[in-house]
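A short worksheet on the structure shown next.
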Amino acid sequence: MTDHAADSVDTARQALSATRQLTRRVRLAQRSTWFPLVLLGLVVLASAPCYRLGRHVVTCDPALGARGGVEIIHRGTCVQVVGWPVGVYWIVAFVLAYTAIAVVYMYRARSRGVGARILPYVGSGIAAGLVLGIASAWAQQLDLQGYFPTGPVAVGMVPLISIGLALFVLARVERNWPLLAFAIGYLIVALLACGMGRRRMGLNLDPTWSFLPGLVVTGGVLLLGGMGFALAERRGL
Numbered sequence: 010m011t012d013h014a015a016d017s018v019d020t021a022r023q024a025l026s027a028t029r030q031l032t033r034r035v036r037l038a039q040r041s042t043w044f045p046l047v048l049l050g051l052v053v054l055a056s057a058p059c060y061r062l063g064r065h066v067v068t069c070d071p072a073l074g075a076r077g078g079v080e081i082i083h084r085g086t087c088v089q090v091v092g093w094p095v096g097v098y099w100i101v102a103f104v105l106a107y108t109a110i111a112v113v114y115m116y117r118a119r120s121r122g123v124g125a126r127i128l129p130y131v132g133s134g135i136a137a138g139l140v141l142g143i144a145s146a147w148a149q150q151l152d153l154q155g156y157f158p159t160g161p162v163a164v165g166m167v168p169l170i171s172i173g174l175a176l177f178v179l180a181r182v183e184r185n186w187p188l189l190a191f192a193i194g195y196l197i198v199a200l201l202a203c204g205m206g207r208r209r210m211g212l213n214l215d216p217t218w219s220f221l222p223g224l225v226v227t228g229g230v231l232l233l234g235g236m237g238f239a240l241a242e243r244r245g246l
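Right, dumping it as structure tokens:
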């Protein structure tokens, strides 16, 4: 009787262990974490020409500081910042990028015979970008600059923050603890990106290119993270 009970316990433990291993294999098969990171990293870096397109050196007005929509950068140089080129870019880029992510995830899920809950991530990524962008524009109209990032800073920072917030959803969907840790680190980098201008990094950049260090750093973090997750997935970690 005792031997029979012991055999039953061993059988139950083996079944539980097999179930856990199968569950882990399914979760690993569902993941394509590297692809969103690499794609969004490329999207961030590719936005640079649009930022430059919206910046022009203008004559400063000593009384007003500069003409409308202007950011005074360094040594009295005034740069007029026009937000619509990069705004249009981010809207189009986010829709296309998250659509591509959804297609890749669903294709890999079908080819591997497993499910993929990617729509929450895709929806949150697009929604976060739109909501934060609208909130920033609204705050600028109400002159709430002390409470919400507005103007030239917000144009650069809001899309980067929305990418980080959506990564938390992807980490939850995939139950991916390493991705959660990466999302926290990336979000910190994105929040600091607005301060990575020419003066703070000690770079002798033209004022019209002062946004570039922040884009390079955040885009680089996403690309390196994507390569790291690709290597881990290849090794089955």
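End of the sequence shown = 246 in our numbering, gap-free, step of one. Where is the CB? At the ideal position from N, CA and C, for every residue including glycine.
Would you report the Cα separation of residue i and residue j, rounded to the nearest angstrom?
| i | j | result |
| --- | --- | --- |
| Tyr-60 | Ser-133 | 24 Å |
| Tyr-114 | Ser-41 | 7 Å |
| Val-90 | Arg-244 | 46 Å |
| Val-230 | Tyr-195 | 7 Å |
| Leu-128 | Tyr-116 | 13 Å |
| Tyr-98 | Ser-56 | 7 Å |
| Leu-189 | Ala-175 | 11 Å |
| Leu-221 | Phe-191 | 22 Å |
| Val-182 | Leu-232 | 21 Å |
| Gly-173 | Ala-109 | 18 Å |
| Ile-197 | Ser-120 | 36 Å |
Classify residue i as helix, strand or coil using the three-state DSSP reduction.
| i | result |
| --- | --- |
| Arg-117 | helix |
| Ile-127 | coil |
| Phe-220 | coil |
| Leu-42 | A quick correction: the sequence has Thr, not Leu, at residue 42. In the structure shown, Thr-42 sits in coil (DSSP, three-state: anything other than H, G, I, E or B). |
| Ser-56 | coil |
| Arg-181 | helix |
| Arg-244 | coil |
In the DSSP assignment, what are the bridge partners of residue i?
| i | result |
| --- | --- |
| Val-67 | Cys-87 |
Indicate whether residue i and residue j have their beta-carbon atoms separated by less than 8 Å.
| i | j | result |
| --- | --- | --- |
| Leu-46 | Phe-177 | no |
| Val-66 | Val-95 | no |
| Gly-223 | Ser-171 | no |
| Ala-202 | Met-236 | no |
| Leu-179 | Ala-199 | no |
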